[in-house]
Amino acid sequence: MISFLIFLGVFLFMECVTWLTHKYIMHGLMWYFHADHHQPKYENTFERNDIFFVIFAIPSITLFYFGVIGGFNYLFFIACGITAYGFCYFMIHDVLIHQRFKWFKNTKNKYLIGLRKAHKIHHKHLGKEDGECFGMLFVPFKYYKM
304 MISFLIFLGV FLFMECVTWL THKYIMHGLM WYFHADHHQP KYENTFERND
354 IFFVIFAIPS ITLFYFGVIG GFNYLFFIAC GITAYGFCYF MIHDVLIHQR
404 FKWFKNTKNK YLIGLRKAHK IHHKHLGKED GECFGMLFVP FKYYKM
């Protein structure tokens with residue numbers, strides 16, 4: 304039971320990490336890597352912005368390693384929470400919203416439509432300033448009603 308609570312807590316906490324990272328690092332210190340993501344059309348299959356997948360994977364891989372050699376201790380379940388969030392982020396952000404893979408083009412789910420609307424509002428700003436809606440899985444309720 305404690306393992307599941309660790310996993311769930313880390314999964315939920317990752318939304319906070321994502322929001323803070325997106326607002327203060329991607330739209331701040333590391334804008335160079337994120338800027339191409341805010342352009343209307345992607346020139347290549349990959350973007351500089353994809354480096355953030357690698358950045359978030361490093362602690363997860365490290366925690367998996369130490370969690371397994373430690374006998375599947377709490378570090379393993381922290382890594383599971385980070386990885387599960389990363390998978391959800393990929394499915395929502397890259398597949399559903401940006402359609403980098405054309406898997407879920409015509410959803411009628413209000414939650415998923417709300418996520419798309421909030422992210423569209425985020426991308427209306429092509430520069431790093433004046434951004435809004437920095438989260439991914441939890442966005443303001445007003446986007447579900449629009």
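Start counting at 1 in the sequence shown, then tack on 303, and there's your number in the working numbering. Backbone N, C-alpha and C define an ideal beta-carbon position, used for all residues, glycine too. On a predicted model such as this, the values are computed, not experimentally measured, just so you know.
Neighbour-count burial assignment, residue i, 16 or more Cβ in a 10 Å radius
i           : result
residue 373 : exposed
residue 357 : exposed
residue 368 : exposed
residue 432 : exposed
residue 381 : buried
residue 430 : exposed
residue 350 : buried
residue 365 : exposed
residue 446 : buried
residue 348 : exposed
residue 319 : exposed
residue 329 : buried
residue 442 : buried
residue 313 : buried
residue 439 : buried
residue 388 : buried
residue 410 : exposed
Where the alpha helix (DSSP H) through residue i begins and ends
i           : result
residue 436 : No alpha helix (DSSP H) holds residue 436; DSSP gives it neither H nor E.
residue 316 : 305-323
residue 417 : 413-426
residue 446 : 445-448
Nearest neighbour of residue i, chosen from the options [CA to CA]
i           : options            : result
residue 425 : 309, 401, 412, 413 : 401
residue 334 : 355, 314, 315      : 355
residue 399 : 417, 341, 309      : 417
residue 352 : 360, 362, 444, 341 : 341
residue 423 : 410, 306, 437      : 437
residue 360 : 376, 344, 377, 383 : 383
residue 390 : 306, 305, 317, 307 : 317
residue 406 : 397, 414, 412, 325 : 397
(request) Report the residue ranges of all alpha helix (DSSP H) runs contained in full by the segment 329-401; include only those spanning at least 4 residues, in chain order. (result) 334-337, 354-372, 377-392
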